[in-house]
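> There's a structure below that I have some questions on.
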RNA sequence: GGAGGGAUGUCCGAGUGGUUAAAGGAGACGGGCUGUAAACCCGUUGGCUCUGCCUACGCAGGUUCGAAUCCUGCUCCCUCCA
């Protein structure tokens with residue numbers, strides 16, 4: 002990884018190299034210099050919305066940036082928005098968010114923290130975890146003070162609110178309050194810097210206003226671009242099903258990365274802070290390197306090499322994988338009805354199983370089944386590897 | 001408070017009494033070619049005890065030999081007026 006040296010200007014440039022925006026101009030450098038002169042680490046804040054239970058690569062873009070701050074000796078303050086989650090961040094939403102129960106929030110926050118540690122340094126000197134319920138459960142008087150800092154016009158200026166207002170979609174007062182609460186988090190933890198995705202720009206900047214109103218120096222804001230999902234187009238998100246979760250198996254990570262459209266590769270290298278190979282390396286090999294680097298980060302180099310070997314085995318050499326999940330299927334009078342067996346083993350419907358057989362999408366022990374192979378001898382299937390399409394495998398067990 | 005428009009399969013969207021499991025498109029899946037990329041070609045795309053049966057066009061009833069299509073009530077959404 003590139004080194005930033007100890008010069009504040011160089012550090013700021015390093016930290017901002019793959020960021021979307023660093024606001025205000027020169028702000029980050031000033032904060033870095035200040036910290037060096039005072040001999041203290043910066044307090045770098047990131048707010049987590051505990052609505053999403055699992056962290057995926059998209060989240061790690063920001064986490065990775067936090068890690069860079071840590072590696073430069075600064076202190077990360079992770080804020081679990083247990084209280085704000087009861088409101089729901091309206092950013093990028095066209096309608097009101099569903100409200101989570103306290104139990105869900107608790108469970109999500111826990112998962113989140115555990116997974117965040119795969120990227121962050123958990124050294125207590127460099128890491129601090131807070132729940133914003135700690136200070137947001139505030140007296141009315143304090144809320145009044147907070148509410149005075151911002152005008153409705155300011156809030157309605159924000160694109161998503163503006164759009165909803167124009168469309169006549171309801172905006173609750175609670176939602177208007179959300180950015181204020183997030184801003185107050187910065188006051189509560191005395192943030193020097195706050196990170197977030199570009200969709201957070203408004204909230205992050207509002208935090209500056211709120212800090213100023215509370216007599217604090219204003220935080221510097223660093224926003225990271227949004228990582229596209231494995232479809233290469235839309236924002237990575239679990240709901241869109243285009244995510245790579247950081248706890249996913251290495252083979253899954255490899256396969257999914259290889260599915261990434263070529264055009265999206267450059268963005269991934271940049272945002273994930275993975276050194277890109279020379280441009281004259283073949284696209285195929287650049288992508289393999291990307292996949293290996295991602296797996297190395299979360300599972301280690303050995304797992305990465307194994308994942309690639311497994312991938313080559315199945316998709317390049319067209320052999321069956323080394324480890325195959327087993328599935329038990331029922332036989333009747335020594336005969337197995339294939340559509341039913343496929344339905345059981347792969348969790349598809351029988352009709353779909355029948356269709357796949359008819360289309361030549363099912364192999365048993367490497368041999369393609371024909372349209373008439375709807376019933377097979379149990380002996381032939383027991384212990385045999387069944388392949389559905391190109392990448393679904395099961396080893397069947399047929400109890401006698 | 002008043003007037004009007006709409007709700008169809010994963011999504012978009014045709015269809016206004018009779019092969020309509022429902023046109024077309026998107027997506028997804030399978031096959032071919034590949035690098036599980038792109039592009040391109042072919043096919044499939046509700047379920048099942050599968051030459052048949054069941055379920056399905058917002059919900060509940062009704063008319064009819066027969067309804068997504070007609071009638072009644074209900075729910076939800078949208079537009080305009082106040």
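In this note's numbering, the protein residues as written are 2 to 401. In this text, a Cβ means the ideal position worked out from N, Cα and C, and glycines have one as well. Keep in mind the model is a prediction, meaning the values are calculated, not measured.
1) Which class does residue 349 belong to by DSSP, given the choice of helix, strand or coil?
2) Enumerate, from N- to C-terminal direction, the unbroken beta strand (DSSP E) stretches of 3 or more residues contained entirely within the stretch 194-265.
3) State the CB to CB distance for the pair residue 385 and residue 366, rounded to an integer number of angstroms; the pair is presumed to be in contact (CB under 8 Å).
4) What residue range does the beta strand (DSSP E) around residue 12 cover?
5) Which term fits residue 360, buried or exposed, when burial requires 16 or more other beta carbons within 10 angstroms of its beta carbon?
6) Among the residues of its own chain, which have a CB less than 8 Å from the CB of residue 369, if the five just before and after it don't count?
7) If the criterion is Cβ atoms closer than 8 Å, does the pair residue 50 and residue 134 meet it?
8) Can you find at least 3 beta carbon pairs, one from the stretch 101-120 and one from the stretch 63-81, that sit closer than 8 Å?
9) Check the DSSP bridge columns for residue 329 and list the partner residues they point to.
10) Name the two residues that bound the continuous beta strand (DSSP E) containing residue 127.
11) In this structure, what does DSSP give as the bridge partners for residue 66?
12) Mind checking which residues open and close the alpha helix (DSSP H) that includes residue 293?
13) Return the Cβ separation of residue 30 and residue 78 in integer angstroms, given the expectation that the two are a contact with Cβ distance under 8 Å.
14) Since residue 336 sits in a beta bridge, which residues does DSSP pair it with?
15) Under 8 Å: do the stretch 142-161 and the stretch 209-222 share three or more Cβ pairs, one atom per stretch?
16) If residue 250 sits next to residue 275, beta carbons under 8 Å apart, how far is it from one beta carbon to the other, in whole angstroms?
17) For residue 329, is the classification buried or exposed, using 16 other Cβ atoms within 10 angstroms of its Cβ as the cut-off for buried?
18) Determine the direct distance from the alpha carbon of residue 256 to that of residue 337, and round the result to whole angstroms.
19) Given a cut-off of 8 Å on the beta-carbon distance, is the pair residue 45 and residue 188 in contact?
20) Once DSSP output is grouped into helix, strand and coil, what is the label at residue 57?
21) Determine, using beta-carbon pairs with one atom in the stretch 230-238 and one in the stretch 26-43, whether at least three such pairs fall under 8 Å.
22) Determine whether the beta carbon atoms of residue 254 and residue 292 lie at a separation below 8 Å.
23) Would you list the one or two residues that DSSP bridges to residue 131?
24) Taking just the CA atoms, how far does residue 122 sit from residue 60?
25) Quick check: the Cα distance between residue 333 and residue 376, rounded to an integer number of angstroms?
26) Alpha carbon to alpha carbon, how far is residue 131 from residue 48?
27) In three-state DSSP terms, what is residue 361?
28) Rounded to whole angstroms, what is the Cα-Cα separation between residue 62 and residue 37?
29) Rank 34, 226, 190, 224 by C-alpha distance to the C-alpha of residue 211 and give the top, closest one.
30) Anyone know if the C-beta pair for residue 207 and residue 224 falls short of 8 Å?
31) Distance, Cα to Cα, residue 340 vs residue 351?
32) What does the alpha-carbon distance come out to for the pair residue 92 and residue 374?
33) Quick one: what's got a C-beta closer than 6 Å to residue 74's C-beta in the same chain, skipping five residues either side?
34) Quick check on the DSSP output: the alpha helix (DSSP H) that includes residue 1 runs from which residue to which?
35) Looking at the unbroken alpha helix (DSSP H) that takes in residue 405, where does it start and where does it end?
36) Do you know how far the Cα of residue 15 is from the Cα of residue 139?
Considering the structure as presented:
1) coil
2) Qualifying beta strand (DSSP E) stretches, in chain order: 194-198, 221-225.
3) 5 Å
4) Taken as a continuous stretch (DSSP letters only), residue 12 belongs to no beta strand (DSSP E), being part of the alpha helix (DSSP H) at 9-17.
5) exposed
6) 361, 363
7) Cβ distance not < 8 Å, so residue 50 and residue 134 don't count as in contact.
8) yes
9) 398
10) Neither: residue 127 is in no beta strand (DSSP E) and is coded neither H nor E.
11) In the DSSP output, where bridge partners are listed per residue, residue 66 has none listed.
12) 284-300
13) With a Cβ gap of about 20 Å, residue 30 and residue 78 do not count as contacting.
14) 333, 378
15) Taking a cut-off of 8 Å on C-beta distances, the stretch 142-161 touches the stretch 209-222, as three or more cross pairs fall below it.
16) That pair is no contact at about 20 Å.
17) exposed
18) Cα to Cα, residue 337 sits roughly 32 Å from residue 256.
19) no
20) strand
21) no
22) yes
23) 80
24) 16 Å
25) 10 Å
26) 9 Å
27) coil
28) 26 Å
29) 190
30) It is not a contact, given that the beta carbons lie outside the stated cut-off.
31) 5 Å
32) Because the pLDDT of residue 92 is 46, which lies under 50, any placement of that residue in the model is unreliable, and the number read from its coordinates should be weighed accordingly. Answer to the nearest angstrom: the Cα atoms are 54 Å apart.
33) 42
34) Any question about residue 1 goes unanswered here, given that the chain covers just 2 to 401.
35) Nothing in the structure corresponds to residue 405, since the chain is present only between 2 and 401.
36) 39 Å
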